[in-house]
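Q: Take a look at the following structure, please.
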């Protein structure tokens, strides 16, 4: 287990738009628009959710910590906002929008010129209580990974029957959907 | 749940090299060389494993089905071969090698000019018994997805402590490592 490093977290955050682009752009609809059943998300919904995070959550919370500390709790994250906001767009539009928002947010993060001692500054999560700036930034990166994890699972689900007896060897088909946050 | 389609399977298979490239190339060592503990795989090991599959497994098995049917069981897949074969290479070399092998294998698959009726042809897996060509090809694609799933989990594991109280919301941190096949 390792300590948080801003450089290492940014290395992940900066790669996610290109990763999703390579994985998803131009795929047939079966991989993009199908989900795992009622009230679950498709790849399309997941990219929409990442966009909402860029627009309303991550950098907003960074600024609240720097400006208000623990005095002002974060606003809750609307986990269903994308279901209405993205519905008239194409996957390709969502991928472009996510890439642009992420680039802008990483530029804004860079402009803050955070120093090592800033990483221990504290804020207040509405449900989790006191958190630090480094925990928020680490969570931003791991949140990307949790949705890459979910994407691979949602896609694999579409071929659950098609793989026949091999399903016993394919771990992703045994994943129980713990990654929809 | 959907039926197998060769076009749809190839859509996934052809994107995996660029996905891994976007996710991994140039990342700091913490994300590439760390694993989840004793006898588990790092991102580096996973790319090595995908290379072994391209070299020895998938297209070899396609040809065995087409040439020998059920009469000749597949050779078992050596799941640990990459641990010795990749050790002196860089991640960047592995990513290039995987991309080249996958491109060549998809060209060879295309050259077979498989018809719809070929997809039901049968072969024999050494442990699973009778399987069909479409099941093999579906498994090739889902095997890619299972390792994208594993990669995101192995990477997220490195920040298990760094995310602090947010760990309860990050599904990838609750995944129990069912995807190491």
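Protein chains in written order, with our numbering: chain A, 1 to 181; chain B, 1001 to 1181. Glycine residues also receive a C-beta, built at the ideal position from the N, C-alpha and C atoms. Keep in mind it's a predicted model, so treat the numbers as computed, not measured.
Cβ atoms of residue 1016(B) and residue 1102(B): under 8 Å apart, would you say?
A: Yes; because the gap between Cβ atoms is below 8 Å, this pair is in contact.
Q: Assuming residue 46(A) and residue 149(A) are in contact, meaning their beta carbons sit under 8 Å apart, how far apart are those beta carbons, in whole angstroms?
A: That belief does not hold up - the Cβ atoms of residue 46(A) and residue 149(A) are roughly 10 Å apart, past 8 Å.
Q: Closest by CA to residue 1132(B), which one among 1174(B), 1122(B) and 1057(B)?
A: Nearest option by C-alpha distance: 1122(B).
Q: Between residue 1058(B) and chain A, is the shortest Cβ-Cβ distance under 8 Å, so that the two count as touching?
A: Not closer than 8 Å to any Cβ of chain A, the Cβ of residue 1058(B) fails to qualify, so no.
Q: DSSP three-state call for residue 1131(B): helix, strand or coil?
A: Strand, per DSSP.
Q: Rank 1034(B), 1024(B) and 1059(B) by C-alpha distance to the C-alpha of residue 1013(B) and give the top, closest one.
A: Looking at the Cα atoms, 1059(B) is the closest of the given residues.
Q: So, helix, strand or coil for residue 1121(B), using DSSP?
A: Here residue 1121(B) sits in coil by DSSP.
Q: Counting only beta-carbon separations shorter than 8 Å, does residue 51(A) have a partner in chain B?
A: Closer than 8 Å: no.
Q: Is DSSP giving residue 23(A) helix, strand or coil here?
A: Helix, per DSSP.
Q: From what residue to what residue does the alpha helix (DSSP H) around residue 1084(B) run?
A: Per DSSP, residue 1084(B) belongs to the alpha helix (DSSP H) from 1081-1085.
Q: Can you find a CB in chain B that lies within less than 8 Å of the CB of residue 62(A)?
A: No, its Cβ sits nowhere closer than 8 Å to a Cβ of chain B.
Q: I'd like to know if the segment 26-35 of chain A and the segment 72-87 of chain A are in contact, where contact means that at least 3 CB-CB pairs between them fall below 8 Å.
A: Verdict: no, contact absent.
Q: Would you say residue 106(A) faces chain B, with C-beta separation under 8 Å as the test?
A: No, no contact with chain B.
Q: Could you tell me which of 140(A), 125(A) and 167(A) sits nearest to residue 75(A), measuring between CA atoms?
A: Checked all of 140(A), 125(A) and 167(A); the closest Cα to residue 75(A) is 125(A).
Q: Buried or exposed: residue 112(A), going by 16 or more other Cβ atoms within 10 Å of its Cβ?
A: Answer is exposed; the Cβ neighbour count stays below 16.
Q: Taking 8 Å as the CB-CB cut-off, is residue 1030(B) touching chain A?
A: Closer than 8 Å: yes.
Q: Any C-beta of chain A sitting closer than 8 Å to the C-beta of residue 1139(B)?
A: Judged by the 8 Å Cβ criterion, residue 1139(B) is in contact with chain A.
Q: Below 8 Å, how does it come out for the segment 1131-1145 of chain B and the segment 1053-1070 of chain B: are there three or more Cβ pairs, yes or no?
A: Yes: at least three Cβ pairs fall under 8 Å.
Q: With distance defined between alpha-carbon atoms, name the residue in 1003(B), 1007(B) and 1021(B) nearest to residue 1094(B).
A: Minimum Cα distance to residue 1094(B) is reached at 1021(B).
Q: Indicate the three-state DSSP secondary structure (helix, strand or coil) for residue 18(A) in the structure shown.
A: Three-state result, residue 18(A): helix.
Q: What I want to know is whether the C-beta of residue 1078(B) ends up closer than 7 Å to one or more non-hydrogen atoms of the ligand ATP.
A: As far as ligands go, the structure on display features none, and thus does not contain the ligand ATP.
Q: Using a Cβ cut-off of 9 Å, which residues of the segment 133-157 of chain A contact any Cβ in chain B, in chain order?
A: The residues in question are 134, 135, 136, 137, 138, 139, 141, 142, 143, 144, 145, 146, 147, 148, 149, 150, 151, 152, 153, 155, 156 and 157.
Q: Residues of chain B with CB closer than 8 Å to the CB of residue 120(A), please, in chain order.
A: None at all; the shortest Cβ gap to chain B is about 11 Å.
Q: Under three-state DSSP, which class holds residue 167(A)?
A: Three-state DSSP puts residue 167(A) in a helix.
Q: Within 10 angstroms of the Cβ of residue 1168(B), are there 16 or more other Cβ atoms? Answer buried if so, exposed if not.
A: Exposed.
Q: Kindly indicate which residue of 136(A), 164(A), 26(A) and 35(A) has the alpha-carbon position closest to the one of residue 1139(B).
A: That would be 164(A), whose Cα lies nearest to the Cα of residue 1139(B).
Q: Span of the alpha helix (DSSP H) holding residue 1004(B)?
A: Where residue 1004(B) is concerned, there is no enclosing alpha helix (DSSP H), given that its DSSP letter is neither H nor E.
Q: If residue 1145(B) sits next to residue 152(A), beta carbons under 8 Å apart, how far is it from one beta carbon to the other, in whole angstroms?
A: About 4 Å separates the two Cβ atoms, so the contact holds.
Q: Determine, for residue 1041(B), whether the minimum Cβ-Cβ distance to residues of chain A falls below 8 Å.
A: For residue 1041(B), the answer is no, since every Cβ of chain A falls outside 8 Å of its Cβ.
Q: Going by beta-carbon coordinates alone, are residue 1036(B) and residue 1172(B) separated by less than 8 Å?
A: Not a contact, by the Cβ cut-off of 8 Å.
Q: Using 8 Å as the threshold, is the C-beta distance between residue 1077(B) and residue 1057(B) below it?
A: Yes, Cβ-Cβ distance for residue 1077(B) and residue 1057(B) is below 8 Å.
Q: Less than 8 Å between CB atoms is the rule here; does residue 1047(B) satisfy it with respect to chain A?
A: Cβ-Cβ to chain A under 8 Å: no for residue 1047(B).
Q: Do residue 162(A) and residue 1135(B) have their beta-carbon atoms positioned less than 8 Å apart in this structure?
A: Contact flag set, yes.
Q: Judging by CA-CA distance, which residue of 1019(B), 1080(B) and 1110(B) is the nearest neighbour of residue 1041(B)?
A: Among 1019(B), 1080(B) and 1110(B), the Cα nearest to that of residue 1041(B) belongs to 1080(B).
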